[in-house]
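K.L.:
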Amino acid sequence: MRPLPYEDLAALLGLNVLLHGELLADQLPPDVTQRLIRRLTEHGPLPVGASEGDLSLLLHDLAQRLHWAMGHGDEYPEATARQTTYYIDLPSAAAVAACRAELTELGARRLTMYRPGQAGRAMTSNEHLAAGLHWQLVVAFPELMPSPSFEARTQALCAMAERHGGRFAGSSIG
Numbered sequence: 039m040r041p042l043p044y045e046d047l048a049a050l051l052g053l054n055v056l057l058h059g060e061l062l063a064d065q066l067p068p069d070v071t072q073r074l075i076r077r078l079t080e081h082g083p084l085p086v087g088a089s090e091g092d093l094s095l096l097l098h099d100l101a102q103r104l105h106w107a108m109g110h111g112d113e114y115p116e117a118t119a120r121q122t123t124y125y126i127d128l129p130s131a132a133a134v135a136a137c138r139a140e141l142t143e144l145g146a147r148r149l150t151m152y153r154p155g156q157a158g159r160a161m162t163s164n165e166h167l168a169a170g171l172h173w174q175l176v177v178a179f180p181e182l183m184p185s186p187s188f189e190a191r192t193q194a195l196c197a198m199a200e201r202h203g204g205r206f207a208g209s210s211i212g
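If you're matching positions, the sequence shown starts at 39 in this note's numbering and goes up one per residue.
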């Protein structure tokens, strides 16, 4: 094996980021997306039957590995969990309890509650809560973005947050 020059790695990372961004923004023509999936299934790491969400997750992981190859971090990045994490901001402990019950019934994989700035954990970029919202639920489900099931889950979580006086604050891969 031969190492690539840093400039080549940076160019590949730029292409990966552009492609991933276009996929997430639904700006890739469907035939291009399907050709990418087919190519990466026949000659690469995607499994047979892979979806746009699987392609998105792969592009995310490849970007992390390109960063590593460029000297960022000591450990080779592990594969990202095959799930989407959602953030819901809520006004009260009662709203948190009600949402936790609903999310548990919906089959949430992981469900964590935080108060922004809570001792023992660092603030995250998702902790810019609107006035009157003092709690954040972080919940994971198996669907991947972009996909119809991801869109449906996002709409359902938006509606649930609004019913309990809160807001849907976003999502992330993994």
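Note that CB positions come from ideal geometry on N, CA and C, so glycine has one too.
Just to check my reading of the structure: S209 and Y124 have Cβ atoms closer than 8 angstroms, yes? What is that Cβ distance to the nearest angstrom?
P.N.:
As a first step, residue 209 must be located in the sequence shown, where it is residue number 171. As a first step, residue 124 must be located in the sequence shown, where it is residue number 86. Confirmed, about 5 angstroms.
K.L.:
Can you tell me which residues form a DSSP beta bridge with D127?
P.N.:
To locate residue 127, count along the sequence shown from 1; it is residue 89. Paired residues: Q174, R205.
K.L.:
Can you check DSSP and say which residues form a bridge with T150?
P.N.:
As a working note, residue 150 is residue 112 in the sequence shown. Paired residue(s): V176.
K.L.:
Could you say which of G111, A197, E189, L100 lies nearest to N54 if we only look at CA atoms?
P.N.:
In the sequence shown, the residue the question calls residue 54 occupies position 16. Residue L100 is the option with its Cα nearest to N54.
K.L.:
Would you tell me roughly how many angstroms separate the C-alpha atoms of V70 and S185, rounded to the nearest one?
P.N.:
Stepping through the sequence shown from its first residue, residue 70 is reached at position 32. Stepping through the sequence shown from its first residue, residue 185 is reached at position 147. Roughly 16 angstroms separates the two Cα atoms.
K.L.:
Can you find the residues in the same chain that come closer than 8 angstroms, C-beta to C-beta, to A197, ignoring five residues on each side of it along the sequence?
P.N.:
Counting from one through the sequence shown, the residue named residue 197 turns up at place 159. None.
K.L.:
Rounded to whole angstroms, what's the CA-CA distance from H98 to A133? Just pull it up for me.
P.N.:
Mapped onto the sequence shown, residue 98 falls at position 60. Mapped onto the sequence shown, residue 133 falls at position 95. Computed Cα separation, rounded: 33 angstroms.
K.L.:
Identify every run of the beta strand (DSSP E) within the region 70 to 142, keeping only runs that are complete inside it and at least 3 residues long; order them along the chain.
P.N.:
The qualifying runs are 122 to 128.
K.L.:
Just the Cα atoms here: how many angstroms apart are L47 and L78?
P.N.:
Locating residue 47 in the sequence shown gives position 9, counting from the first residue. Locating residue 78 in the sequence shown gives position 40, counting from the first residue. So the alpha carbons of these two residues sit roughly 20 angstroms apart.
K.L.:
To which residues of the same chain is D20 closer than 7 angstroms at the C-beta, ignoring the five residues directly before and after it?
P.N.:
The displayed coordinates of the chain run from 39 to 212. Any statement about residue 20 would go beyond what the structure contains.
K.L.:
Regarding Y114 and the ligand SAH, is the C-beta to nearest heavy atom distance less than 7 angstroms?
P.N.:
With respect to the ligand SAH, the structure offers nothing, as it holds no ligand at all.
K.L.:
What does DSSP give as the partner residues of S187 in its beta bridges?
P.N.:
To locate residue 187, count along the sequence shown from 1; it is residue 149. Note: S187 sits in no beta bridge, so no partner.
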